[in-house]
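Novice: Take a look at this one; I'll ask things after.
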Amino acid sequence: MTKILSKVYELLIVYIWEHWASHGSKPQERPNPTLIHAMQVNFEDCGCSKGDSRGTKWAILIGIDYYIPGNNRPGMSFPMLNGCVNDVMLVENHLRCTTDIDPHRIHKLTASRPPAQESESRSLVGRREMQPTYENMVKVFEHVTKRAKKGDLVYVHFAGHGASVASIFASLKTRGGELDKKKTSKADSNGVLDEVLVPTDIACGGRYLRDVELAVLLQDMAERGLAVTIVLDCCHGGGMNRGNQGVLRQSIRGIQNVDTNILESDVSIISDHINEQYQKLQFGETDRAGAVRKHWLLGFVWKSCVFFAACKEDEFAGEQPFNGKTQGIFTYHWIETLNRWTDITYDGLDSFLRPRLFQAGQNIVSGGETDRVFFRMNRIPPFNGAIISKTPSEGIRLCIGSQMTLSAGQAHGVSNGDMFDIWPWWSQQPSQSTRLGRVSVQEATEHMSTVKLTCEPKGAIEVGCLAVPVPARRLKIVSSTAAKGRVDEIRRVLETHEGASFTFEDEGPSDFLVRISDSGYEIQYGDGQHLENEIPALHSPQDIGYILEHVSKYQNVLRLGSQNVGLPSNVSVRLCQPNGKLPPEAGRPNFKDQSILQDVSAGPDGIFEVKEGNWTVLRIGNMTQGALNIVVLELEASWAVSQLYPSRENTTFETLGPGGIIDIPIQWEIPEYYPPTTKEVVDILKVCFTSHPTSFRWLEIEELHQGPG
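Heads up, the numbering used here is the position in the sequence shown plus 118, with the first residue counted as 1.
Structure follows, in structure tokens:
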């Protein structure tokens, strides 16, 4: 008979706070039939073939500068762009020159701006470009999915306008049912929006490629066993432009107002397939209301896919001249980075690009299997760290005392005097052969810190380099008379320990006591108290250094928010559970049914007690006037720190809009490695609120294992 063990959980609330402050319908005009016929593409004649070996590479490149003038969508305007076709050419050149892709497997859909002297119809019909219409975009996805085989790699790059429009999939998005067979009207959308890619002919009879359709097309690729990379250099601003003022751009890749029109032609050509596939899609890991997402495509989670977007949903993606040619700001830096470094992972791309795009007013969004090497199948575990976001001007040699900016601050527990080791941004795992230097924090603000070099750098320190905290602790060594001969050896080993900085106190207060006896070693807190969790046996001075470094990093996270008292009235955090007794074998409850939930009350010591196997819901509410970025960290009894929410691989935070609620279902289990006699386990949850996009991933640490000694 299975024994039900009890678990005790302490819920600590950490908050990091800042103060912040329809179109009419017109008769639809159909485009020239000759023009539409000229736009259709037969991909069966493209010359590509199935690869002979696993890992064949394919590419779909879509660039739209030219949006055909028309008045089919009242109140809407689709400005021309300048750098999208250039982006496609830049990406194609990189793929041809640096990968083994067969040029016949690079499928391009482009719409260039016609010369001024040509008429629109003549220009489009006579051009050799494959036009990026809705039909052709769907066809090229279906074509590659059909031709590629399991284990092949697909790269998708879209450069053009994105938009938010009245939904034709409201029944799916709100009720999770089947797509309505009847024609969707403006009233049927009920305020629900679709995020879309805008084709070249949208103003003269074309259709948007909508979020649900793209997700299903990508799901088809995943089911085929393809490894997909999708890059979107566009935006879906819907009129919002937060924090982008003053950034020099030639043009913006996004439609600034929401298209509320729903035309007769606004139907999906894969509607039957959507009904079949939609329920297979896995959506966000929680139930959410009023959320402001970082990007709409992150709402769909599929296997073997990597996703990058040029900006968040509430920002604009821009283009500007580079070397005399207009490019998307994101695409230009994307290819520059790939040209500079080989064998780079998507994590490395993210680390290097994020601070550079931030300076252009764009917060890039990434997700999926970002530990994969670019356009390859092999994966390398990420090496997380805070990011160097600013260095002295190019050409200035760094030396002792040189100042830089670190993308971490008080919100992460950083204080003046803290130290960080600097590593190359492409680091896979730390090693002393690649450590570039050490910096000390001079001034820590809410989310950023000014740091200065404390030693001569051993290599180039640039924007995107990783910073790993070096905890500083005071030690007192106490030994028996017979063991005094080992004190000097322990001091020597700890003084040269690279991952932490230890000083020794003979009389004053200390952070840790190291006790040496004939029977071995013991670590206690400076006041003589035992550590709250068990640690592995200590066999050598090297073990002592390893354990002290790990426990010190755990303590740094444990202290997050310790300066804050209470919870602001306009933010709520509750731990709920199903009312009544629900046995573990009953499965996950339907937490959308609010009637089954009741609050879990904390005991006098502030600890919430739940039974092993039971489900609870951590409910977070935002009653402020602005968006909040949410992260939940879990500190485990194994001395591990992990990001409980959002838990999707390589996702840094989740954004919750004003009035929004996030429900995080949690089932509590005692890990198998605990002895069968274990009666309780204490875990700690830290709920972090920030109004500034930031990452807490670099605070994660693994379970404490046996040391190296």
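Just so it is clear, CB atoms sit at the ideal spot from N, CA and C, and this is done for glycine as well.
Every value quoted in this text rests on a predicted model; they were computed, and no experiment measured them.
According to the Cβ coordinates, are Arg737 and Asp801 closer than 7 Å?
Specialist: Here residue 737 refers to the residue found at position 619 when the sequence shown is read from its first residue. Here residue 801 refers to the residue found at position 683 when the sequence shown is read from its first residue. No, the Cβ-Cβ distance between Arg737 and Asp801 is not below 7 Å.
Novice: Would the segment 622-633 and the segment 567-579 be scored as touching if the rule is three or more Cβ pairs under 8 Å?
Specialist: Touching, no, given that fewer than three Cβ pairs across the two stretches are closer than 8 Å.
Novice: Go through its chain and collect everything with a Cβ distance to Arg815's Cβ below 7 Å, but skip five positions before and after it.
Specialist: Locating residue 815 in the sequence shown gives position 697, counting from the first residue. Same-chain partners within the cutoff: Asn502, Gln761, Thr770.
Novice: For Ile180, which residues from the same chain have a beta carbon less than 6 Å from its beta carbon, with the 5 sequence-adjacent residues on both sides left out?
Specialist: On the sequence shown, residue 180 is found 62 positions in, with the first residue counted as 1. Here the set comprises Leu227, Pro250, Phe276.
Novice: With a threshold of 16 other CB atoms inside 10 Å of the CB of Tyr324, please say whether the residue is buried or exposed.
Specialist: Position 206 of the sequence shown, counting from 1, holds the residue named residue 324. The sequence given here has Gly at residue 324, not Tyr. So Gly324 ends up on the buried side.
Novice: For the pair the segment 424-440 and the segment 470-489, tell me if three or more CB-CB distances fall below 8 Å.
Specialist: Taking 8 Å as the limit for Cβ pairs, the verdict is that the segment 470-489 does touch the segment 424-440.
Novice: For Leu199, does the three-state DSSP call read helix, strand or coil?
Specialist: Residue 199 sits at position 81 when you count from the first residue of the sequence shown. Leu199: coil per DSSP, three-state reduction.
Novice: Given a cut-off of 7 Å, decide if Phe434 and Cys353 are closer than it, judged by their beta-carbon atoms.
Specialist: For the purposes of this step, residue 353 is identified with residue 235 of the sequence shown, where counting begins at 1. For the purposes of this step, residue 434 is identified with residue 316 of the sequence shown, where counting begins at 1. A contact, by the Cβ cut-off of 7 Å.
Novice: Measuring straight from C-alpha to C-alpha, what distance separates Gly638 and Thr796?
Specialist: What you label residue 638 is simply residue 520 of the sequence shown in a count that begins at 1. What you label residue 796 is simply residue 678 of the sequence shown in a count that begins at 1. Near 26 Å, if we compare the C-alpha coordinates of Thr796 and Gly638.
Novice: Tell me whether Asp717 is buried or exposed, calling it buried when 16 or more other Cβ atoms sit within 10 Å of its Cβ.
Specialist: As a first step, residue 717 is located in the sequence shown; it is residue number 599 there, counting from the start. Answer is exposed; the Cβ neighbour count stays below 16.
Novice: Would DSSP call Gln249 helix, strand or coil?
Specialist: Working through the sequence shown from its first residue, we reach residue 249 at position 131. It is coil, neither helix nor strand.
Novice: Hey, could you find the ends of the beta strand (DSSP E) Met194 is sitting in?
Specialist: Within the sequence shown, the letter at position 76 stands for residue 194. Here Met194 belongs to no beta strand (DSSP E), and DSSP marks it neither H nor E.
Novice: Tell me Ile748's beta-bridge partners as DSSP assigns them.
Specialist: As a position in the sequence shown, residue 748 is number 630, starting the count at 1. The partner list for Ile748 (beta bridge, DSSP) reads Glu772, Phe807.
Novice: CB-CB under 7 Å to Glu818, same chain, minus the five flanking residues each way: which ones, in chain order?
Specialist: By one-based count along the sequence shown, residue 818 stands at place 700. If we look at Glu818 and ignore the five residues flanking it on each side, its Cβ neighbours are Asn502, Val759, Ser760, Gln761.
Novice: Comparing alpha-carbon positions, which option in Ile725, Ala601, Ser658 lies nearest Ile634?
Specialist: On the sequence shown, residue 634 is found 516 positions in, with the first residue counted as 1. Ranking Ile725, Ala601, Ser658 by Cα distance to Ile634 puts Ala601 first.
Novice: Could you tell me whether the segment 200-213 touches the segment 441-448, where touching means 3 or more Cβ pairs closer than 8 Å?
Specialist: Touching, yes, given that three or more Cβ pairs across the two stretches are closer than 8 Å.
Novice: Identify the residues that DSSP records as bridge partners of Arg490: which are they?
Specialist: Counting from one through the sequence shown, the residue named residue 490 turns up at place 372. Answer by DSSP bridge pairing, in chain order: Arg497.
Novice: Would you mind stating whether Phe493 and Thr174 have Cβ atoms separated by less than 7 Å?
Specialist: As a working mapping, residue 493 is identified with position 375 in the sequence shown. As a working mapping, residue 174 is identified with position 56 in the sequence shown. It is not a contact, given that the beta carbons lie outside the stated cut-off.
Novice: What would DSSP say about Glu730, mapped onto helix, strand or coil?
Specialist: On the sequence shown, position 612 is the one that residue 730 refers to. Three-state result, Glu730: coil.
Novice: So Ile641 packs on Leu649, CB below 8 Å; how close in whole Å?
Specialist: Sequence index remark: in the sequence shown, residue 641 carries index 523 (1-based). Sequence index remark: in the sequence shown, residue 649 carries index 531 (1-based). Right, the Cβ-Cβ distance comes to about 7 Å (below 8 Å), so this counts as a contact.
Novice: Would you give the residue range spanned by the beta strand (DSSP E) that Arg692 belongs to?
Specialist: As a working note, residue 692 is residue 574 in the sequence shown. Segment 689-696, the beta strand (DSSP E) holding Arg692.
Novice: Among Met495, Gly479, Gln480, which one has its Cα closest to the Cα of Tyr464?
Specialist: Counting from 1 along the sequence shown, the entry for residue 464 is found at position 346. Among Met495, Gly479, Gln480, the Cα nearest to that of Tyr464 belongs to Met495.
Novice: Within the segment 307-362, note down every full beta strand (DSSP E) run reaching 3 residues or more, in order along the chain.
Specialist: Those beta strand (DSSP E) runs which fall completely within the segment 307-362 and span 3+ residues are 311-315, 345-351.
Novice: Reducing DSSP to helix, strand and coil, say where Ala504 ends up.
Specialist: Position 386 of the sequence shown holds residue 504. Strand, per DSSP.
Novice: For the beta strand (DSSP E) holding His530, just list the boundary residues, first then last.
Specialist: Taking the first residue of the sequence shown as position 1, residue 530 is located at position 412. Here His530 belongs to no beta strand (DSSP E), and DSSP marks it neither H nor E.
Novice: Measure the CB-CB distance between Ile182 and Thr318 and report whether it falls below 7 Å.
Specialist: The count along the sequence shown starts at 1 and reaches residue 182 at position 64. The count along the sequence shown starts at 1 and reaches residue 318 at position 200. For Ile182 and Thr318, yes; Cβs fall inside 7 Å.
Novice: Would you call Ala655 buried or exposed, if buried means 16 or more other Cβ atoms sit within 10 Å of its Cβ?
Specialist: Sequence index remark: in the sequence shown, residue 655 carries index 537 (1-based). The residue is exposed, with fewer than 16 neighbouring Cβ atoms inside 10 Å.
Novice: For Gly244, I'd like the list of residues in its chain whose CB is within less than 7 Å of its CB, leaving aside the five on either flank, ordered along the chain.
Specialist: As a position in the sequence shown, residue 244 is number 126, starting the count at 1. Legend: pLDDT at Gly244 = 40, less than 50; position of this residue unreliable, value from coordinates given subsequently. Answer for Gly244: no residue qualifies.
Novice: For the candidate residues Arg328, Ser383, His261, Lys508, whose alpha-carbon lies nearest to that of Leu315?
Specialist: Reading the sequence shown from its first residue, position 197 is the one you call residue 315. If we check each option's Cα against that of Leu315, Arg328 comes out closest.
Novice: Once DSSP output is grouped into helix, strand and coil, what is the label at Ser389?
Specialist: Position 271 of the sequence shown, counted from the start, is the residue given in the question as residue 389. Correct three-state label for Ser389: helix.
Novice: Applying the 10 Å Cβ sphere with the 16-neighbour rule, what's the burial state of Ser567?
Specialist: Indexing the sequence shown from 1 puts residue 567 at position 449. Buried is the call here.
Novice: Consult DSSP for Val581 and reduce its assignment to one of helix, strand or coil.
Specialist: Taking the first residue of the sequence shown as 1, we reach residue 581 at position 463. Correct three-state label for Val581: coil.
Novice: Determine the burial state of Val799: buried for a count of at least 16 other Cβ atoms within 10 Å of its Cβ, exposed for fewer.
Specialist: The residue you call residue 799 lines up with position 681 of the sequence shown. Answer is buried; the Cβ neighbour count reaches 16.
Novice: Comparing the CB of Cys806 with every heavy atom of the ligand FMN, is any distance shorter than 6 Å?
Specialist: Among the components modelled here there is no ligand, and therefore nothing to report on the ligand FMN.
Novice: Buried or exposed, going by whether 16 or more other CB atoms sit within 10 Å of the CB of Lys570?
Specialist: As a working mapping, residue 570 is identified with position 452 in the sequence shown. It is exposed - the Cβ of Lys570 has fewer than 16 other Cβ atoms within 10 Å.
Novice: With a CB to CB cut of under 6 Å and the five nearest residues on each side skipped, what residues in its chain are close to Glu772?
Specialist: As a working note, residue 772 is residue 654 in the sequence shown. Closer than 6 Å at the Cβ level, and outside the excluded window around Glu772, lie Ile748, Pro764.
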